[in-house]
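Novice: One structure follows; several queries about it will come next.
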Amino acid sequence: MTNGAAVVGLIGGVVCVFSAIWALYGRMDGEFVNITDSWQFLVSYLGSERLAYAFIWDICLYTVFQPWFIGEILQNVEKSKVGVVSYLRFIPVVGLVAYLLFLNLEEDQ
36 MTNGAAVVGL IGGVVCVFSA IWALYGRMDG EFVNITDSWQ FLVSYLGSER LAYAFIWDIC
96 LYTVFQPWFI GEILQNVEKS KVGVVSYLRF IPVVGLVAYL LFLNLEEDQ
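Numbering follows the numbering used here, in which position 68 of the sequence shown is assigned residue number 103; successive positions increment by one, without gaps.
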């Protein structure tokens, strides 16, 4: 069941990096803007859209629960990578990608 975990981790990591870059520099019309314009848009958008406000709460909850959840299942990680994953679990998404990449697949077989 966990054989594809590394692939899911890599794809998810690439999508998140691309999304972060697009959030900082991209626009819907295909042009690129500076970070100041993006920040101003974000602040005005959060003040006017309830859905965006709900996503902020989702991000906050994810940031709180990811370290706790991954900390509870660290025994599933390769023994040589437990230290790395235990530190990276506090960084949202990065910790999940690290966990999926270093998952011990030998116990599954």
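Backbone N, C-alpha and C fix where the C-beta goes; we use that ideal spot for every residue, glycine too.
Quick caveat: nothing in here was measured; it's all calculated off a predicted structure.
Applying the 10 Å Cβ sphere with the 16-neighbour rule, what's the burial state of GLN101?
Specialist: Your numbering for residue 101 matches position 66 in the sequence shown. By the 10 Å Cβ count, GLN101 comes out buried.
Novice: Please state the DSSP three-state secondary structure of PHE125.
Specialist: As a working mapping, residue 125 is identified with position 90 in the sequence shown. Of the three classes helix, strand and coil, the one that applies to PHE125 here is coil, per DSSP.
Novice: Taking only the alpha-carbon atoms, compute the straight-line gap between GLU113 and PHE76 and give it to the nearest angstrom.
Specialist: For the purposes of this step, residue 113 is taken as the residue at position 78 of the sequence shown. For the purposes of this step, residue 76 is taken as the residue at position 41 of the sequence shown. Their backbone Cα atoms lie some 43 Å apart in a straight line.
Novice: Consult DSSP for VAL119 and reduce its assignment to one of helix, strand or coil.
Specialist: For the purposes of this step, residue 119 is identified with residue 84 of the sequence shown, where counting begins at 1. Helix at VAL119.
Novice: Is the distance from the Cβ of GLY106 to the Cβ of ARG85 below 8 Å?
Specialist: Indexing the sequence shown from 1 puts residue 106 at position 71. Indexing the sequence shown from 1 puts residue 85 at position 50. No; because the gap between Cβ atoms is not below 8 Å, this pair is not in contact.
Novice: Does the distance from the C-beta atom of VAL119 to that of LEU109 stay below 8 Å?
Specialist: Along the sequence shown, read from residue 1 onward, the residue named residue 119 stands at position 84. Along the sequence shown, read from residue 1 onward, the residue named residue 109 stands at position 74. No, the pair does not count as a contact, with Cβ atoms beyond the cut-off.
Novice: Let's test the definition: count the other Cβ atoms within 10 Å of the Cβ of TYR122 and tell me whether it reaches 16, buried, or not, exposed.
Specialist: The residue labelled residue 122 in the question sits at position 87 within the sequence shown. When all chains shown are included, TYR122 counts as exposed.
Novice: Only counting the same chain, and skipping five residues up and downstream in sequence, which positions put a Cβ closer than 7 Å to that of VAL132?
Specialist: Reading the sequence shown from its first residue, position 97 is the one you call residue 132. Excluding sequence neighbours, VAL132 sits near GLY44, GLY47 and GLY48.
Novice: Pull up the CB-CB distance for LEU81 and ILE91, whole angstroms please, since I reckon it's below 8 Å.
Specialist: Here residue 81 corresponds to residue number 46 of the sequence shown, with the count starting at 1. Here residue 91 corresponds to residue number 56 of the sequence shown, with the count starting at 1. Yes, LEU81 and ILE91 are in contact; Cβ-Cβ is about 7 Å, under 8 Å.
Novice: Can you tell which of LEU136, ILE56, ALA40 and VAL78 has the C-alpha that lies nearest to the C-alpha of SER115?
Specialist: As a position in the sequence shown, residue 115 is number 80, starting the count at 1. Comparing Cα positions, the closest option is LEU136.
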